[in-house]
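So the sequence lines, in the order shown, correspond to chains A and B.
Residues -11 to 212 (our numbering) make up the first sequence, in order.
Residues -11 to 212 (our numbering) make up the second sequence, in order.
Protein chains: 2
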Amino acid sequence: MAGLVSIPKPTLERLPVYYRVLLQCRDAGMQYVSSGELGRKAGFDHAQVRKDLNHIWSGGRPGLGYEIEKLASCLADFLGLHNTTDAVLVGAGRLGTALAGYPGFASYGLNIVAVFDADPGRIGGTLNERPILSVTKLADLVERLGIRMGIIAIPAESAQTVAETMVAAGIQAIWNFAPAYLQVSDNVLVRNEDLAAGLATLSYYLKEQGLPSVDSGKLSDGQL
Amino acid sequence: MAGLVSIPKPTLERLPVYYRVLLQCRDAGMQYVSSGELGRKAGFDHAQVRKDLNHIWSGGRPGLGYEIEKLASCLADFLGLHNTTDAVLVGAGRLGTALAGYPGFASYGLNIVAVFDADPGRIGGTLNERPILSVTKLADLVERLGIRMGIIAIPAESAQTVAETMVAAGIQAIWNFAPAYLQVSDNVLVRNEDLAAGLATLSYYLKEQGLPSVDSGKLSDGQL
Chain A
-11 MAGLVSIPKP
-1 TLERLPVYYR
9 VLLQCRDAGM
19 QYVSSGELGR
29 KAGFDHAQVR
39 KDLNHIWSGG
49 RPGLGYEIEK
59 LASCLADFLG
69 LHNTTDAVLV
79 GAGRLGTALA
89 GYPGFASYGL
99 NIVAVFDADP
109 GRIGGTLNER
119 PILSVTKLAD
129 LVERLGIRMG
139 IIAIPAESAQ
149 TVAETMVAAG
159 IQAIWNFAPA
169 YLQVSDNVLV
179 RNEDLAAGLA
189 TLSYYLKEQG
199 LPSVDSGKLS
209 DGQL
Chain B
-11 MAGLVSIPKP
-1 TLERLPVYYR
9 VLLQCRDAGM
19 QYVSSGELGR
29 KAGFDHAQVR
39 KDLNHIWSGG
49 RPGLGYEIEK
59 LASCLADFLG
69 LHNTTDAVLV
79 GAGRLGTALA
89 GYPGFASYGL
99 NIVAVFDADP
109 GRIGGTLNER
119 PILSVTKLAD
129 LVERLGIRMG
139 IIAIPAESAQ
149 TVAETMVAAG
159 IQAIWNFAPA
169 YLQVSDNVLV
179 RNEDLAAGLA
189 TLSYYLKEQG
199 LPSVDSGKLS
209 DGQL
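Below is the structure:
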């Protein structure tokens, strides 16, 4: 892949959680937070917090902890959240509607510039004040505006075709909510949000509840 | 935690992906699938597929591969998908609406029996033919029906309170879509679906695109 990453993926996925906790602390009027408190609020132990943040942060005062405003700003810089990322959303159904209106995304710099759908009943309407365009116009708009992120919120059977259209038009990162594995070239990053996997994990846990123990260490803290 | 798990978490999270691919193969009229083809469609290599499936499956014929119908049924049993899981959903906003209508859940045995909200403007309405009830009635209904799974799709600031109500009423597994870390007792499993973490991962990738390589091994296959 073209953009190379110098930080372990699990760390990368925890950084936005720290960022969110820091904003909550700041909004509560705090100036400093210890690794222990940050960890408790984020759901990781303090050693993990320190190890993760060492990748991006060399400050921190003994006895005082992390300076919230500075660390949050450093994290936002590192994650690219200070720069607004323009994205296109394909799929104006229930899930697409939820994503287009998800209030948390704005603080992460996501700007959905246009919404596409294949359903003539939806095309010409609006979603969260954005026009819903025909998916036949996807490639042209992505190329013209130089958009690099695409969000897929359509049924599995159409997802691969839409992904190929996106990539041919210049999309480099795909956020995939369709329950489908996308085959794309190596220089495109795909992030799969697989809701069924989450559900199956919980179903399995409920099924196992009360059965004899085989191995208690694997899911020991109760948080996935 | 009370229900103990005998299988590594990453394996557990891949099993529903195999299950989904097997259903697709079956619907396409296939009878057998090799570990290589299953892996290609699921996004993992064949050795990973064999290792994962060895946890639950001792069949498989040399040269023929996995018998799709039997393996799918075995996976569904293992994951508890053959038993319908009743759940309550708290939050009838955009995300809750999307979840209540997500078509994939039915095939995973999820049955949302009731929807709750705190907004008087929503209470008394319906969501996907289910009545929207006041959140003050949550505990009573969960206890009365013996429901064990709760889905949280509300803003972060109310999530902890709702989680505590759920657990006090007997909920044992929480699927949390609120961007909040929930503190619950050890015998309750929480699965956090953190959409902001997915977004930040993609933003980071786009920011790094074209920068010099530091370490190319960490995200090398482009799928998160």
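Glycine included, every Cβ here is placed at the ideal spot set by N, Cα and C.
Keep in mind it's a predicted model, so treat the numbers as computed, not measured.
Exposure of residue i, with buried meaning 16 or more beta-carbon neighbours within 10 Å
i	result
aspartate 222 of chain B	Residue 222 of chain B lies beyond the stretch modelled for chain B, which goes from -11 to 212, so this question has no answer here.
arginine 136 of chain A	buried
alanine 12 of chain B	Residue 12 of chain B is actually glutamine in this sequence, not alanine. That one is buried.
threonine 149 of chain B	exposed
proline 108 of chain A	exposed
glutamine 171 of chain B	exposed
arginine 132 of chain B	exposed
threonine 72 of chain A	exposed
alanine 166 of chain B	buried
glutamine 19 of chain A	exposed
asparagine 164 of chain A	buried
valine 101 of chain B	exposed
aspartate 182 of chain B	buried
threonine 85 of chain A	buried
glutamate 117 of chain B	exposed
aspartate 105 of chain B	buried
glycine 17 of chain B	exposed
glycine 138 of chain B	buried
CA-to-CA distance, residue j to residue i, given in whole angstroms
i	j	result
glycine 53 of chain A	glycine 68 of chain A	24 angstroms
alanine 157 of chain A	asparagine 175 of chain A	14 angstroms
alanine 88 of chain B	glycine 51 of chain B	43 angstroms
phenylalanine 93 of chain B	alanine 168 of chain A	15 angstroms
alanine 147 of chain A	tyrosine 90 of chain B	16 angstroms
alanine 185 of chain A	valine 5 of chain B	7 angstroms
arginine 2 of chain A	alanine 30 of chain A	9 angstroms
tryptophan 45 of chain A	glutamate 57 of chain A	13 angstroms
asparagine 180 of chain B	glutamate 145 of chain B	15 angstroms
valine 9 of chain B	serine 61 of chain B	13 angstroms
aspartate 74 of chain A	alanine 141 of chain B	26 angstroms
serine 173 of chain A	glycine 97 of chain A	26 angstroms
glutamine 160 of chain A	leucine 115 of chain A	24 angstroms
serine 122 of chain A	alanine 151 of chain A	15 angstroms
aspartate 33 of chain B	aspartate 15 of chain A	45 angstroms
tyrosine 7 of chain B	serine 22 of chain A	43 angstroms
tyrosine 193 of chain B	leucine 83 of chain A	24 angstroms
isoleucine 111 of chain A	threonine 153 of chain A	18 angstroms
leucine 63 of chain A	glutamate 196 of chain B	14 angstroms
asparagine 99 of chain A	histidine 43 of chain B	43 angstroms
DSSP three-state assignment for residue i, whether helix, strand or coil
i	result
phenylalanine 93 of chain B	helix
tyrosine 169 of chain B	coil
phenylalanine 32 of chain A	coil
asparagine 164 of chain B	strand
glycine 81 of chain A	coil
aspartate 65 of chain A	helix
asparagine 71 of chain B	coil
aspartate 174 of chain A	coil
asparagine 42 of chain A	helix
serine 201 of chain B	Only weak support is given to the placement of serine 201 of chain B: the predicted model assigns it a pLDDT of 34, under 50, and the question is left unresolved by the model.
aspartate 15 of chain A	helix
serine -6 of chain A	coil
glutamine 211 of chain B	Since pLDDT at glutamine 211 of chain B reaches only 42, below the 50 mark, its modelled position is unreliable, and the value read off the structure follows with that caveat. Strand.
arginine 179 of chain B	strand
glutamate 117 of chain B	coil
isoleucine 56 of chain A	helix
glycine 138 of chain A	strand
methionine -11 of chain B	The predicted model places methionine -11 of chain B with a pLDDT of 38, which falls under 50 and marks its position as unreliable; any figure quoted below should be read in that light. Note: methionine -11 of chain B maps to coil in three-state DSSP.
lysine 206 of chain A	Its pLDDT being 35, under 50, lysine 206 of chain A is placed unreliably in this model, and the value from its coordinates should be taken loosely. If DSSP states are grouped into helix, strand and coil, lysine 206 of chain A belongs with coil.
serine 122 of chain A	strand
alanine 144 of chain A	helix
heavy atom of the ligand ZN below 7 angstroms from residue i C-beta
i	result
arginine 8 of chain A	In the structure shown, the ligand ZN is absent, as is every other ligand, since no ligand is present at all.
Selection of the region 174 to 188 of chain B by Cβ proximity to chain A, strictly under 9 angstroms: Listed in chain order, the positions of the region 174 to 188 of chain B with a beta carbon within less than 9 angstroms of a beta carbon of chain A are Asp174, Asn175, Val176, Leu177, Val178, Arg179, Asn180, Glu181, Asp182, Leu183, Ala184, Ala185, Gly186, Leu187 and Ala188.
The region 57 to 70 of chain A: positions lying closer than 7 angstroms to chain B by Cβ: Result list: Leu67, Gly68 and Leu69.
Given 8 angstroms, three or more beta-carbon pairs between the region 10 to 30 of chain A and the region 78 to 93 of chain A: no
Three CB pairs or more closer than 8 angstroms across the region 120 to 128 of chain A and the region 59 to 68 of chain A: no
Cβ contact check for the region 187 to 199 of chain A and the region -5 to 4 of chain B: 3 or more pairs under 8 angstroms: yes
Residues in the region -7 to 9 of chain A having any Cβ partner in chain B nearer than 9 angstroms: Val(-7), Ser(-6), Ile(-5), Pro(-4), Lys(-3), Leu0, Glu1, Arg2, Leu3, Pro4, Val5, Tyr7, Arg8 and Val9
Near-chain B residues of the region 76 to 95 of chain A (beta-carbon distance less than 7 angstroms), N- to C-terminal order: Arg82, Leu83, Thr85, Ala86, Gly89, Tyr90, Gly92 and Phe93
Residues of the region 97 to 108 of chain B whose Cβ lies closer than 9 angstroms to any Cβ of chain A, in chain order: Gly97 and Leu98
Within 9 angstroms of chain B by C-beta, residues of the region 153 to 172 of chain A in sequence order: Gln160, Ala161, Ile162, Trp163, Pro167, Ala168, Tyr169, Leu170, Gln171 and Val172
Interfacial residues, the region 14 to 39 of chain B to chain A, with Cβ spacing under 8 angstroms: Lys29, Ala30 and Gly31
Under 8 angstroms (Cβ pairs) to chain B, residues found in the region 131 to 143 of chain A: Within the region 131 to 143 of chain A, the residues whose Cβ lies closer than 8 angstroms to some Cβ of chain B are Arg136, Met137 and Pro143, listed in chain order.
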